[in-house]
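Residue numbers (this note's numbering), protein chains in the order written: chain A, 1 to 156; chain B, 157 to 312; chain C, 313 to 468; chain D, 469 to 624; chain E, 625 to 780; chain F, 781 to 936.
There are 6 protein chains.
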Amino acid sequence: AELTHFDATGQAHMVDVGSKAETHRVAIATGTIRMKPETLALIQSGTAKKGDVLGIARIAAIMATKRTSELIPLCHPLALTRVVVEFSVDAPNSSISCTAQVETFGKTGVEIEALAAVQVGLLTVYDMCKAVDRGMVIDGVRVLEKHGGRSGDWVA
Amino acid sequence: AELTHFDATGQAHMVDVGSKAETHRVAIATGTIRMKPETLALIQSGTAKKGDVLGIARIAAIMATKRTSELIPLCHPLALTRVVVEFSVDAPNSSISCTAQVETFGKTGVEIEALAAVQVGLLTVYDMCKAVDRGMVIDGVRVLEKHGGRSGDWVA
Amino acid sequence: AELTHFDATGQAHMVDVGSKAETHRVAIATGTIRMKPETLALIQSGTAKKGDVLGIARIAAIMATKRTSELIPLCHPLALTRVVVEFSVDAPNSSISCTAQVETFGKTGVEIEALAAVQVGLLTVYDMCKAVDRGMVIDGVRVLEKHGGRSGDWVA
Amino acid sequence: AELTHFDATGQAHMVDVGSKAETHRVAIATGTIRMKPETLALIQSGTAKKGDVLGIARIAAIMATKRTSELIPLCHPLALTRVVVEFSVDAPNSSISCTAQVETFGKTGVEIEALAAVQVGLLTVYDMCKAVDRGMVIDGVRVLEKHGGRSGDWVA
Amino acid sequence: AELTHFDATGQAHMVDVGSKAETHRVAIATGTIRMKPETLALIQSGTAKKGDVLGIARIAAIMATKRTSELIPLCHPLALTRVVVEFSVDAPNSSISCTAQVETFGKTGVEIEALAAVQVGLLTVYDMCKAVDRGMVIDGVRVLEKHGGRSGDWVA
Amino acid sequence: AELTHFDATGQAHMVDVGSKAETHRVAIATGTIRMKPETLALIQSGTAKKGDVLGIARIAAIMATKRTSELIPLCHPLALTRVVVEFSVDAPNSSISCTAQVETFGKTGVEIEALAAVQVGLLTVYDMCKAVDRGMVIDGVRVLEKHGGRSGDWVA
């Protein structure tokens with residue numbers, strides 16, 4: 001095994017994907033933000049009537065998928081065909097999960113775009129609630145599934 | 157307690173910081189990526205001689221601090237005066253930690269910039285190693301300390 | 313009278329604001345999008361319970377103020393201190409108005425940022441409703457007020 | 469009728485265009501900026517010999533089409549194949565119109581890109597002339613025609 | 625002598641400028657593009673009546689100064705107060721020179737912004753003429769002068 | 781011969797490439813930065829053990845290819861499939877060369893992206909070494925080869 005982002009002399013490059021097939025590619029990523037119960041209560045009350053933290057975080061997450069290749073040095077630019085972002089509240093654990101599904105028809109996968117969506121979605125939650133809870137922690141950011149491309153299906 | 161990013165009617169806004177003092181502000185954030193021991197070994201061998209994953213991730217993390225206000229909807233744009241990003245390898249736990257310290261002289265804090273640096277730094281590690289280890293997990297992304305501004309010092 | 317964005321030989325430049333005072337500057341801009349009554353009804357039902365078009369348009373408008381100097385060639389970059397965006401529904405005229413107030417402490421005004429917020433806010437409404445009403449029209453985009461700086465107050 | 473940018477539960481998403489055909493798509497949009505006659509005269513004299521307001525606004529309009537998906541939250545990124553922007557002076561009405569034609573071969577249309585070009589083109593005119601005429605108004609920004617894709621031709 | 629962009633252990637960082645004074649800073653950079661005489665003739669005819677290559681290159685150069693810190697990893701973001709870009713034709717040598725003057729009031733200098741303006745201005749000339757002259761060469765891109773800041777005046 | 785970026789009336793446009801074939805396109809560009817021998821020595825010592833100027837410049841160069849169409853007004857956006865950037869030290873001439881190879885499968889070429897990579901790579905070297913050598917000069921930035929597309933192969 002070796003890291004494909006380096007050539008034989010150890011120099012970084014943007015890997016050649018020119019000969020790869022344009023296929024339907026899907027990636028699903030997830031992650032969680034833990035907070036105080038009273039912070040969670042504030043977010044939940046807002047979602048129901050006003051002050052929609054999760055609605056704003058969803059927009060930020062979707063928009064982040066379109067900027068991913070600007071942020072990650074060796075990531076290929078891709079024209080995404082679908083982005084879905086969901087948040088779910090876990091009251092017993094006083095946390096919120098974010099799950100992002102990203103799709104394209106292209107020569108390379110979209111795991112990084114899905115992970116970026118989750119990261120930016122959860123960071124937006126942090127930003128909007130930090131005045132009341134600076135100790136929130138983002139955990140478990142990872143890929144759940146990917147489909148399409150030469151390596152085929154992968155499930156965590 | 158209420159969320160300052162919403163006005164009395166529940167509409168989101170970019171909070172007025174016009175009357176806040178321009179002070180020296182510092183934020184330190186951290187986070188970890190867990191991986192297989194053989195992935196960690198690949199990264200470590202690269203750092204020592206070629207294929208410098210962590211050097212590239214550090215650059216990505218630093219650059220991300222300059223784009224944070226573009227990604228996070230209600231985050232104020234700020235002229236940063238210092239960014240330091242460090243990675244440390246924890247071989248027993250087969251993980252790598254990233255810590256970012258961001259500073260400015262301005263009207264609002266830089267916690268979000270520090271967290272964004274950590275997120276993008278760790279996501280760059282994921283990107284560069286994903287071909288050998290798709291199951292890596294990013295954990296414990298949080299603020300460690302902040303200093304300056306009306307709310308003064310805060311330590312996790 | 314002459315156009316300050318050109319020098320004596322007619323060449324465009326980014327005007328020298330170095331000797332201008334850093335003062336509190338405010339600009340308020342507005343604009344309207346006209347649509348079919350049934351489109352307006354769809355937006356209103358969404359705002360009340362789900363499918364919040366105007367909440368998303370507000371976020372897009374706020375974020376646009378942070379990118380304005382990238383879009384408008386001779387516009388100075390500025391660190392904004394406050395952005396407020398409001399939408400109001402005018403059912404009799406089957407239209408929605410967007411008003412944006414932008415503030416900074418700086419050497420130049422923020423009218424262009426306020427107008428950009430209105431334009432992007434209304435364009436986001438168009439984007440989200442275009443599948444049901446391609447004939448929507450954006451009208452009356454203009455500055456309502458500006459305050460601060462050498463030219464002082466101005467009201468339309 | 470319903471708004472396609474929301475799913476059944478009212479959550480916003482970037483619509484799945486993966487199964488749509490890659491076809492030749494064209495959109496034409498237009499809009500107008502009204503100003504004082506003396507402002508129009510200044511612009512016209514510049515176009516003829518120096519201080520080319522409309523030449524600069526055209527470049528800004530063209531460049532805006534390449535950033536549209538960054539500004540409009542649920543807009544798909546697209547590789548544009550052609551952008552043409554024209555300005556025409558209407559002296560009797562003391563106004564200038566901007567018309568933009570945008571084309572692509574892709575899975576979704578380019579109306580939003582054409583509208584963004586018009587908006588940014590007219591806002592650049594405003595920016596360059598605001599020192600002499602702060603009361604200019606942007607009106608009638610709308611799509612004139614679109615061609616290609618499942619919904620076929622549409623003319624205003 | 626040592627490179628300030630690295631700390632004692634050789635890790636890159638964005639240098640701490642927090643304690644530096646906010647002073648008036650100026651940088652002037654220049655560079656040249658050499659081409660075939662017939663290419664130069666085409667550009668010159670355009671400048672006089674239509675097809676204004678240099679007018680467009682000037683706009684691109686000015687806009688590039690606002691994006692410099694996004695492109696150069698360890699460059700601090702700065703709010704520029706003035707940008708002037710000039711082109712001059714050297715017919716005997718069949719070349720065009722670009723000179724950019726950039727100014728700010730800030731904690732660090734603007735040499736990199738001035739050089740970026742020159743590079744992007746000349747690259748825009750290349751882009752617009754490449755169909756008739758692919759062999760053009762950009763030469764002599766360098767700083768001519770800088771003023772302000774702790775190191776004071778410097779002239780090449 | 782005429783400049784294709786202007787229409788018959790001299791107005792700039794983004795050229796229609798809709799009818800061009802999607803082919804494999806390659807461009808190779810190069811350029812050089814000249815410096816004092818002691819600056820070169822500092823860079824070389826860093827590359828060997830710490831303070832890796834050229835590794836950072838390589839990342840900046842690769843990332844610049846993804847932003848090129850944002851910087852160059854009439855340049856088409858393209859999904860790149862490969863980017864390789866190399867630096868070579870010429871000790872006798874006290875200079876460093878940068879060579880970039882960029883590839884895509886698309887409707888237009890990638891010479892501008894390759895030149896942008898070289899420019900940003902060399903400017904990053906300047907930025908990192910400017911504290912010890914402000915007089916460095918960037919020379920000889922040009923296209924070496926291009927392949928693919930209607931005009932076929934071209935070698936300088």
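C-beta atoms are modelled at their ideal positions from N, C-alpha and C, and glycine is treated no differently.
Could you tell me if Arg930 (chain F) is buried or exposed, where buried requires 16 or more neighbouring beta carbons within 10 angstroms of its beta carbon? Residue 930 (chain F) sits at position 150 when you count from the first residue of the sixth sequence. The residue is exposed, with fewer than 16 neighbouring Cβ atoms inside 10 Å.
Quick one: what's got a C-beta closer than 6 Å to Val551 (chain D)'s C-beta in the same chain, skipping five residues either side? The residue you call residue 551 (chain D) lines up with position 83 of the fourth sequence. Same-chain partners within the cutoff: Ile530, Thr533, Val570.
Does the beta carbon of Gly486 (chain D) come closer than 8 Å to any beta carbon on chain E? Against the fourth sequence, residue 486 (chain D) aligns to sequence position 18. So, not an interface residue.
Among D:Gly574, D:Ala624, D:Thr507, which one has its Cα closest to the Cα of Ala559 (chain D)? As a working note, residue 559 (chain D) is residue 91 in the fourth sequence. Ranking the options by Cα distance to Ala559 (chain D), first place goes to D:Thr507.
Closer than 7 Å by C-beta to Thr160 (chain B): which residues in its own chain qualify, once you throw out the five before and the five after it? Chain order, please. Counting from 1 along the second sequence, the entry for residue 160 (chain B) is found at position 4. Closer than 7 Å at Cβ, skipping near neighbours: Val171.
In three-state terms, what does DSSP make of Lys361 (chain C)? Here residue 361 (chain C) refers to the residue found at position 49 of the third sequence. Because Lys361 (chain C) carries a pLDDT of 49, less than 50, the predicted location of this residue cannot be relied on, and the following value inherits that uncertainty. DSSP places Lys361 (chain C) in coil when its eight states are reduced to three.
If you measure between the beta carbons of Ile72 (chain A) and Ile28 (chain A), is that distance less than 8 Å? As a first step, residue 72 (chain A) is located in the first sequence; it is residue number 72 there, counting from the start. As a first step, residue 28 (chain A) is located in the first sequence; it is residue number 28 there, counting from the start. Not in contact: Ile72 (chain A) and Ile28 (chain A) (Cβ atoms no closer than 8 Å).
Cβ shell of Ala599 (chain D) (< 7 Å), same chain only, five flanking positions each side left out: On the fourth sequence, residue 599 (chain D) is found 131 positions in, with the first residue counted as 1. Within the same chain, Ala599 (chain D) has no close Cβ partners at all.
Proximal chain D residues relative to Glu167 (chain A), where beta-carbon distance stays under 7 Å: Outside the modelled stretch of chain A, which goes from 1 to 156, sits residue 167 (chain A), for which no answer is possible.
Residues of the segment 365-377 of chain C with a CB closer than 7 Å to any CB of chain B: list them in chain order, please. Arg370, Ile371, Ile374, Met375
His325 (chain C) versus Arg682 (chain E): straight-line alpha-carbon distance, rounded: Counting from 1 along the third sequence, the entry for residue 325 (chain C) is found at position 13. Counting from 1 along the fifth sequence, the entry for residue 682 (chain E) is found at position 58. Their backbone Cα atoms lie some 8 Å apart in a straight line.
Could one say the Cβ of Lys49 (chain A) lies closer than 8 Å to chain C's Cβ atoms, at least one of them? Looking up residue 49 (chain A) in the first sequence gives position 49. Any reading at Lys49 (chain A) must be qualified, since the residue scores a pLDDT of 49, below 50, and its modelled position is unreliable; the value itself is stated next. For Lys49 (chain A), the answer is no, since every Cβ of chain C falls outside 8 Å of its Cβ.
How would you list, in chain order, the residues of chain E whose beta-carbon sits under 8 Å from the beta-carbon of Glu382 (chain C)? Counting from one through the third sequence, the residue named residue 382 (chain C) turns up at place 70. Met687, Lys690, Arg691, listed in chain order.
To the nearest angstrom, how far is it from the Cα of Leu902 (chain F) to the Cα of Val765 (chain E)? Translated into the one-based positions of the sixth sequence, residue 902 (chain F) becomes position 122. Translated into the one-based positions of the fifth sequence, residue 765 (chain E) becomes position 141. Between Leu902 (chain F) and Val765 (chain E), the C-alpha separation is close to 10 Å.
Burial state of Glu158 (chain B), where buried means 16 or more other Cβ atoms lie within 10 Å: Counted from its first residue, the second sequence places residue 158 (chain B) at position 2. The residue is exposed, with fewer than 16 neighbouring Cβ atoms inside 10 Å.
In terms of residues, what are the limits of the alpha helix (DSSP H) holding Thr436 (chain C)? The residue you call residue 436 (chain C) lines up with position 124 of the third sequence. First-last of the alpha helix (DSSP H) with Thr436 (chain C): 423-441.
Between the segment 403-435 of chain C and chain D, which residues of the former have a C-beta closer than 7 Å to a C-beta of the latter? Glu423, Ile424, Leu427, Ala428, Gln431, Val432, Leu435
Can you pull the chain F neighbours of His615 (chain D), defined as C-beta to C-beta under 9 Å? The count along the fourth sequence starts at 1 and reaches residue 615 (chain D) at position 147. Those do not exist, as His615 (chain D) stays about 12 Å from chain F at its closest Cβ, beyond 9 Å.
Examine chain C for any beta-carbon lying closer than 8 Å to the beta-carbon of Leu816 (chain E), and answer yes or no. This structure cannot speak to residue 816 (chain E), because chain E is shown only from 625 to 780.
Separation of Leu678 (chain E) from Ala894 (chain F), as counted between CA atoms: Translated into positions along the sixth sequence, residue 894 (chain F) becomes position 114. Translated into positions along the fifth sequence, residue 678 (chain E) becomes position 54. Near 22 Å, if we compare the C-alpha coordinates of Leu678 (chain E) and Ala894 (chain F).
Do Thr186 (chain B) and Ser253 (chain B) count as a contact pair if the criterion is CB distance below 8 Å? Mapped onto the second sequence, residue 253 (chain B) falls at position 97. Mapped onto the second sequence, residue 186 (chain B) falls at position 30. Result yes, Cβ atoms of Ser253 (chain B) and Thr186 (chain B) sit closer than 8 Å.
Report the rounded CA-to-CA distance for Gly478 (chain D) versus Phe87 (chain A), giving the unit in angstroms. Indexing the fourth sequence from 1 puts residue 478 (chain D) at position 10. Indexing the first sequence from 1 puts residue 87 (chain A) at position 87. Near 13 Å, if we compare the C-alpha coordinates of Phe87 (chain A) and Gly478 (chain D).
Less than 8 Å between CB atoms is the rule here; does His700 (chain E) satisfy it with respect to chain C? Your numbering for residue 700 (chain E) matches position 76 in the fifth sequence. No, His700 (chain E) lies away from the interface with chain C (no Cβ there is under 8 Å from its Cβ).
Is the shortest distance between the beta-carbon of His629 (chain E) and the beta-carbons of chain B less than 8 Å? Here residue 629 (chain E) is taken as the residue at index 5 of the fifth sequence, counted from 1. For His629 (chain E), the answer is no, since every Cβ of chain B falls outside 8 Å of its Cβ.
Report the start-end ranges of each alpha helix (DSSP H) in the segment 364-411 of chain C that is 4 residues or longer and not cut off at the edges. 365-377, 380-383
Which residues mark the beginning and the end of the beta strand (DSSP E) in which Asp607 (chain D) is found? For this step, residue 607 (chain D) is matched to residue 139 along the fourth sequence. Where Asp607 (chain D) is concerned, the enclosing beta strand (DSSP E) stretches over 605-615.
Sorted by chain position, which residues of the same chain lie with C-beta nearer than 7 Å to Pro37 (chain A)'s C-beta, five sequence neighbours on each side aside? Sequence index remark: in the first sequence, residue 37 (chain A) carries index 37 (1-based). Within the same chain, Pro37 (chain A) has close Cβ partners Ser94.
Would you tell me roughly how many angstroms separate the C-alpha atoms of Leu510 (chain D) and Asp595 (chain D), rounded to the nearest one? Looking up residue 510 (chain D) in the fourth sequence gives position 42. Looking up residue 595 (chain D) in the fourth sequence gives position 127. The straight-line gap from Cα to Cα measures roughly 14 Å.
Identify whether Gln977 (chain F) lies in helix, strand or coil by the three-state DSSP scheme. The requested residue 977 (chain F) does not occur in the structure, where chain F is confined to residues 781 to 936.
Check the Cβ-Cβ distances between His169 (chain B) and every residue of chain I, and say whether any is below 8 Å. Annotation note: the requested chain I is absent from the structure, which comprises protein chains A, B, C, D, E and F.
Cβ-Cβ separation, His927 (chain F) to Gly18 (chain A) (assumed contact under 8 Å), whole Å: For this step, residue 18 (chain A) is matched to residue 18 along the first sequence. For this step, residue 927 (chain F) is matched to residue 147 along the sixth sequence. Their Cβ separation, rounded to whole angstroms, is 12 Å, which puts Gly18 (chain A) and His927 (chain F) out of contact at 8 Å.
Under 8 Å, do Val422 (chain C) and Leu390 (chain C) count as touching if we go by C-beta distance? Here residue 422 (chain C) is taken as the residue at index 110 of the third sequence, counted from 1. Here residue 390 (chain C) is taken as the residue at index 78 of the third sequence, counted from 1. Contact flag set, yes.
Could you please tell me which residues of the segment 593-609 of chain D, in chain order, have their CB closer than 8 Å to any CB of chain C? Tyr594, Asp595, Met596, Cys597, Lys598, Ala599, Val600, Arg602, Gly603, Met604, Val605, Ile606, Asp607, Gly608, Val609
Could you spell out the range, first to last residue, of the beta strand (DSSP E) harbouring Arg150 (chain A)? Locating residue 150 (chain A) in the first sequence gives position 150, where the first residue counts as 1. Premise fails: Arg150 (chain A) is in no beta strand (DSSP E) and is neither H nor E.
DSSP bridge partner residues for Val414 (chain C) (one or two, in chain order): Here residue 414 (chain C) refers to the residue found at position 102 when the third sequence is read from its first residue. BP columns for Val414 (chain C) point to C:Ala339, C:Val395.
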